[in-house]
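Participant: Chains as they are written, first to last, in our numbering: chain F, 1 to 109; chain A, 1 to 109. The beta carbon of each residue, even a glycine, is placed where N, CA and C say it ideally should be. The structure presented is a predicted model; accordingly, all values stated were derived computationally and were not measured. The following block contains the structure, expressed as structure tokens.
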DNA sequence: AAGCCATATCGTAATATTGCAATATTACTA
DNA sequence: TAGTAATATTGCAATATTACGATATGGCTT
């Protein structure tokens, strides 16, 4: 008991929930915003300074965001540089928006 | 320790995370879809039969969805009838979409 | 009023998430 | 190659979430 019963739901619903979960924590929202604002990539260490959480915590959140493929990562000297994978972001935007639109259409029928 | 540090994030990020959280569980996604498909309101008991989770679990999920104002509720005989608050749904859609668009624009700049 | 049906709430067990200190790893630099 | 800076991983404590049985509540029906 206690864990989400993924098996009783269809793949589509599970995936939408998985994507939404990435945006369901304010630190991750802030991290994504911050990365998007950095011209030509964002140094990981700067995120730690910006957000106000400990380095391991940021690292953990970054890995959650990476799991759905939303980040490009590249080495930049001894640091890592992150940037938004805009294609994936667009896919997320469409996924969520299509969901809302579908609900709206059905609800208004 | 352990709990989300809401106070270090701004209201906007906290609210977006709160909204996204509603859609971050497949059962809630399924419930919202199901309600939207029912012509003129959806009997709560039918949701229980449809989704395959126990009645108290559905009730709990419904209350999470209600918390952001996404549901209209009305008595219908001895049952409750739920329907989607389409205005609120639209607001959620815009909130998420504007967020994605803003990220996209910044990331591509 | 007694019984029944639908929903909510309570209590609790199982699991997941959040956050951080300590430590490991990786990569540059002197 | 030793030292250092940046990031990841590990381990763990605190809290939150998910799920459900038991029970309470509220409204029909007879």
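Under 7 Å Cβ-Cβ, which residues of chain A neighbour residue 96 of chain F?
Facilitator: Here residue 96 of chain F refers to the residue found at position 96 of the first chain. Chain A residues near residue 96 of chain F: 96.
Participant: Would the beta-carbon of residue 64 of chain A fall within 8 Å of that of residue 28 of chain A?
Facilitator: Here residue 64 of chain A refers to the residue found at position 64 of the second chain. Here residue 28 of chain A refers to the residue found at position 28 of the second chain. Contact flag set, yes.
Participant: How far does the beta strand (DSSP E) with residue 80 of chain F in it extend, from its first residue to its last?
Facilitator: Residue numbering aside, residue 80 of chain F sits at position 80 when the first chain is read from its first letter. From DSSP, the beta strand (DSSP E) with residue 80 of chain F extends over 79-84.
Participant: What's the gap between the Cα of residue 24 of chain A and the Cα of residue 71 of chain A?
Facilitator: Here residue 24 of chain A refers to the residue found at position 24 when the second chain is read from its first residue. Here residue 71 of chain A refers to the residue found at position 71 when the second chain is read from its first residue. Residue 24 of chain A and residue 71 of chain A have their alpha carbons spaced roughly 17 Å apart.
Participant: Could you pull out every residue in the same chain whose Cβ sits closer than 8 Å to the Cβ of residue 123 of chain A, ignoring the five residues on either side in sequence?
Facilitator: Residue 123 of chain A lies beyond the stretch modelled for chain A, which goes from 1 to 109, so this question has no answer here.
Participant: Around the C-beta of residue 89 of chain A, are 16 or more other C-beta atoms found within 10 angstroms, so that it is buried, or is it exposed?
Facilitator: Taking the second chain and counting its residues from 1, one reaches residue 89 of chain A at position 89. Buried is the call here.
Participant: May I ask you to verify whether the segment 46-53 of chain A touches the segment 6-25 of chain A, counting CB pairs closer than 8 Å and requiring at least 3?
Facilitator: no
Participant: Mind pulling the chain F residues with CB within less than 7 Å of residue 52 of chain A?
Facilitator: Reading the second chain from its first residue, position 52 is the one you call residue 52 of chain A. Residues of chain F passing the Cβ test: 8.
Participant: Report the three-state DSSP secondary structure of residue 42 of chain A (helix, strand or coil).
Facilitator: Residue 42 of chain A sits at position 42 when you count from the first residue of the second chain. Three-state result, residue 42 of chain A: strand.
Participant: Counting only Cβ-Cβ distances shorter than 8 Å, please list the residues of the segment 79-91 of chain A near chain F, keeping chain order.
Facilitator: 83, 84, 86, 89, 90
Participant: Taking just the CA atoms, how far does residue 7 of chain F sit from residue 78 of chain F?
Facilitator: What you label residue 78 of chain F is simply residue 78 of the first chain in a count that begins at 1. What you label residue 7 of chain F is simply residue 7 of the first chain in a count that begins at 1. In this structure, the CA atom of residue 78 of chain F is about 43 Å from the CA atom of residue 7 of chain F.
Participant: Using three-state DSSP, classify residue 63 of chain A as helix, strand or coil.
Facilitator: Residue numbering aside, residue 63 of chain A sits at position 63 when the second chain is read from its first letter. Three-state result, residue 63 of chain A: helix.
Participant: Between the Cα of residue 59 of chain A and those of A:82, A:21, A:76, spot the shortest distance and give me the residue it belongs to.
Facilitator: Position 59 of the second chain, counting from 1, holds the residue named residue 59 of chain A. For the residues A:82, A:21, A:76, the minimum Cα distance to residue 59 of chain A belongs to A:82.
Participant: For chain A, is any of its Cβ atoms less than 8 Å away from the one on residue 65 of chain F?
Facilitator: Stepping through the first chain from its first residue, residue 65 of chain F is reached at position 65. So no, residue 65 of chain F is outside the interface.
Participant: Can you look up residue 30 of chain F in the DSSP assignment and give me helix, strand or coil?
Facilitator: As a first step, residue 30 of chain F is located in the first chain; it is residue number 30 there, counting from the start. The answer is helix: DSSP assigns residue 30 of chain F an H, G or I state.
Participant: In this structure, does DSSP put residue 24 of chain A in helix, strand or coil?
Facilitator: As a first step, residue 24 of chain A must be located in the second chain, where it is residue number 24. If DSSP states are grouped into helix, strand and coil, residue 24 of chain A belongs with coil.
Participant: If we ignore side chains and look at the alpha-carbon of each, how far apart do residue 69 of chain A and residue 85 of chain A end up?
Facilitator: The sequence position of residue 69 of chain A within the second chain is 69, counting from 1. The sequence position of residue 85 of chain A within the second chain is 85, counting from 1. Cα to Cα, the separation comes out at about 7 Å.
Participant: Give the interface partners of residue 37 of chain F over in chain A, defined as CB-CB distance under 8 Å, in chain order.
Facilitator: In the first chain, the residue the question calls residue 37 of chain F occupies position 37. In chain order: 106.
Participant: Alpha carbon to alpha carbon, how far is residue 105 of chain A from residue 5 of chain A?
Facilitator: Taking the second chain and counting its residues from 1, one reaches residue 105 of chain A at position 105. Taking the second chain and counting its residues from 1, one reaches residue 5 of chain A at position 5. Near 28 Å, if we compare the C-alpha coordinates of residue 5 of chain A and residue 105 of chain A.
Participant: Would you say residue 61 of chain A reaches chain F, if we count a Cβ-Cβ gap shorter than 8 Å as a contact?
Facilitator: Looking up residue 61 of chain A in the second chain gives position 61. It does not; no Cβ of chain F falls within 8 Å.
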